[in-house]
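Colleague:
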Amino acid sequence: MGAKESSLLSAEQLEDYVELTYLTKWEILLIMEKFLPLEPDEIRKDLHRRIPNRKIMEAFPQLKLLLGQIAPIVMLRKHQIAPIRLGLD
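Heads up, the sequence shown is in the UniProt record's numbering, so the first residue is 1 and it goes up one at a time.
(1) Pull up the CB-CB distance for isoleucine 28 and leucine 14, whole angstroms please, since I reckon it's below 8 Å.
(2) What whole-angstrom Cβ distance do glutamate 39 and arginine 54 have, given they're in contact under 8 Å?
(3) Return helix, strand or coil for aspartate 16, following the three-state DSSP convention.
(4) Note down the Cα distance separating lysine 45 from leucine 36, rounded to an integer number of angstroms.
(5) Taking the alpha-carbon positions, what's the proline 52 to serine 10 distance?
(6) Let me know the secondary structure DSSP gives leucine 38 once reduced to three states.
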């Protein structure tokens with residue numbers, strides 16, 4: 001199942017996304033194909049719609065695993081960072 005041309009994006013919008021994100025046209029269309037089923041009516045009305053995290057995690061359980069592995073590392077690094085002194089005393 002591959003990405004196909006989208007009637008949601010004009011050719012100009014697709015080119016803009018390619019330029020702004022450095023993704024290929026195919027990658028952008030593939031992402032749209034994956035996310036559109038989460039909230040089809042809402043996304044068709046507003047391409048900038050924010051999809052709730054809950055729906056994303058339910059649709060892509062692999063993200064839950066990835067975030068579960070990254071979160072402890074981020075928290076550890078957050079506590080290891082020493083405060084920066086600017087020397088403006």
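Just so you know, even glycine gets a beta-carbon here, dropped at the ideal spot from N, CA and C.
Modeller: Quick look at the numbers:
(1) 6 Å
(2) Incorrect: roughly 12 Å between the Cβ atoms, too far for contact.
(3) helix
(4) 11 Å
(5) 25 Å
(6) helix
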